[in-house]
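Note that my numbering has the sequence shown beginning at 1098, numbered continuously upward.
Here is the structure we will look at.
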Amino acid sequence: MLVRNLVIAVMHIVIAAALAAVAATCVQGILGDVLHAARAETLQTYIRMRGDREQAVFDRAETFILAAESAFVRRLETLGDEEVEAEFDRFFPPHGDGTRRSAPELFEGVDLDGGDNAYGIGAFLGDGEAMTLEEQRRYLAGLHVVRTVGEAWLQQFSSLYYFTPDRRMVMFAPEREDRLEFYRFEAPADFPLQADEDPRLFSRETNPDGVMQCTQLSRFVYRDAGERSATACRKPVLDGDVLLGAFGTSIMMNDHLASALEEPPAGGVNLMLGRELQVIARGRPAAEGDDVRVDPAALAGYLANDPRPRGIVRAEALGQMIAFSRVAGPDWYFVSVVPLADIEATVSERTRRVFLIVFFAALVVSALASLVWHYLPALRLPGRPAARTEATPE
């Protein structure tokens, strides 16, 4: 009898464990999918808001440069030969080395006709004494555009410049710490003003539609050391197939990148990746003590062939969820990396609870069923014998 009861008890435990395991496995799968979907949805909302915020900086830069382009085209149409001949030598006198530079008073401040005023302007015109009348017209128009449009947007952008790929440039930047003296006085006559990324800007193959493009982080041209912390956004001005020049502005990114990488998603960290998917900047984790490991090469591998402008990638091999949003202009990536460990821990904890609940519930139900089955004969009412079937002879 004892052995029989032990066998029954063991069977009940095995059945309860099996039921609990099945229930826990089902809950684990369902709960894991639900939690991953919820985290992905939260990250999707987060990356959309933060990505739009980062994109807004370069959208404003594009609006700024388009305003300069429109003003330039209008100015070219109204600028006559006599005005060019009268003003060009005044504003861009020969420097004595084959170049023309901006007149000193253009930076210090000079009154113009009609009660207007020009200030904060510097220029370097390579081979300036050999410029044609049409080239002079464009640079005189560029001078007036960077002065008026640049001043109107000065609260948002610290510089505006017009340039051509033949080592010529005129810039409005009144708040530059160097006072534009490098261009105005110091640059040698053969200074290669063209930046490394200019060919990509002007090439019909790399920029067929003449859209605004921004450079990778770099130093200002007058600095040969220090942190690379500025990006230059430039747009060519085209008249059909004729290149009239380009407008650009430089944006200091130190403070912007610092603020962009703040407030990462719970448990995660924010990063900014460059055009080649290299890490430009990395923020701090959401909480002190968090250590989110980031493998740049693996991260680049997940993003390199993803054509979406923004999205979520579940990188099981890294144990991470990656949210990204492309930033048009510099072709950067705003990225948030969140470990999956907290989700797995939550799933594991809740699965364990479900297992225990179902296990003990199954044990209780099995025990009750056993008691009812075992003691049911004793619970029958007395005086009521079991029915018998007897044959009565006739």
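All C-beta atoms, glycine included, are put in the ideal place defined by N, C-alpha and C.
It should be emphasised that the depicted structure is a prediction, and the values quoted were computed from it without experimental measurement.
| request: Whole angstroms is fine: what's the gap from residue 1323's alpha carbon to residue 1446's? | output: Summary for residue 1323: the model assigns pLDDT 44, below 50, so the residue's position carries little reliability; its value from the coordinates is reported in the next sentence. Taking the straight line from one Cα to the other gives about 50 Å.
| task | Measure from the alpha carbon of residue 1418 to the alpha carbon of each residue in 1425, 1426, 1424 and 1408, then state which is nearest. | result | Checking every option, the nearest Cα to that of residue 1418 belongs to 1408.
| field | Residue nearest to residue 1494 in terms of C-alpha spacing, selected from 1327, 1258, 1391 and 1294 | value | Since the first and last residues shown for the chain are 1098 and 1491, residue 1494 lies out of range.
| request: Could you tell me which of 1266, 1287 and 1230 sits nearest to residue 1199, measuring between CA atoms? | output: Closest in C-alpha terms to residue 1199, from the list 1266, 1287 and 1230, comes 1266.
| query | Name the DSSP beta bridge partners of residue 1366, please? | reply | DSSP lists 1434 as the beta-bridge partner residues of residue 1366.
| message | Tell me which residue opens and which closes the beta strand (DSSP E) that residue 1221 is part of. | response | Segment 1218–1222, the beta strand (DSSP E) holding residue 1221.
| task | Just grab the DSSP bridge partners of residue 1423 for me. | result | Partner residues in the beta bridge of residue 1423, as assigned by DSSP, are 1430.
| message | Let me check one thing: in DSSP terms, what residues is residue 1343 bridge-paired to? | response | Residue pairing by DSSP places residue 1343 opposite 1260 and 1333 in a beta bridge.
| query | What's the gap between the Cα of residue 1206 and the Cα of residue 1151? | reply | Distance between the alpha carbons of residue 1206 and residue 1151: 35 Å.
| query | Going by Cα to Cα distance, which pick from 1366, 1378, 1312 and 1142 is closest to residue 1353? | reply | Closest option to residue 1353, Cα to Cα, is 1378.
| query | What residues in its chain sit with their C-beta under 7 Å from that of residue 1181, if we drop five residues either side in the sequence? | reply | If we look at residue 1181 and ignore the five residues flanking it on each side, its Cβ neighbours are 1230, 1233, 1234 and 1237.
| The alpha helix (DSSP H) with residue 1297 in it runs from where to where? | Residues 1295–1299.
| message | Does the segment 1246–1254 come into contact with the segment 1186–1195, if we say contact requires no fewer than three beta-carbon pairs (one atom in each stretch) closer than 8 Å? | response | Between the segment 1246–1254 and the segment 1186–1195 there are fewer than three C-beta pairs closer than 8 Å, too few to call the two in contact.
| said: Please identify the residue among 1299, 1278, 1309 and 1188 whose C-alpha is closest to the C-alpha of residue 1244. | reply: Cα-wise, what sits closest to residue 1244 is 1188.
| message | Would residue 1219 and residue 1330 be called neighbours here (beta carbons separated by less than 8 Å)? | response | Taking 8 Å as the Cβ cut-off, residue 1219 and residue 1330 do not qualify as a contacting pair.
| request: Take residue 1366 as the anchor and find which of 1429, 1436 and 1411 has the nearest alpha-carbon. | output: Per the Cα distances, 1436.
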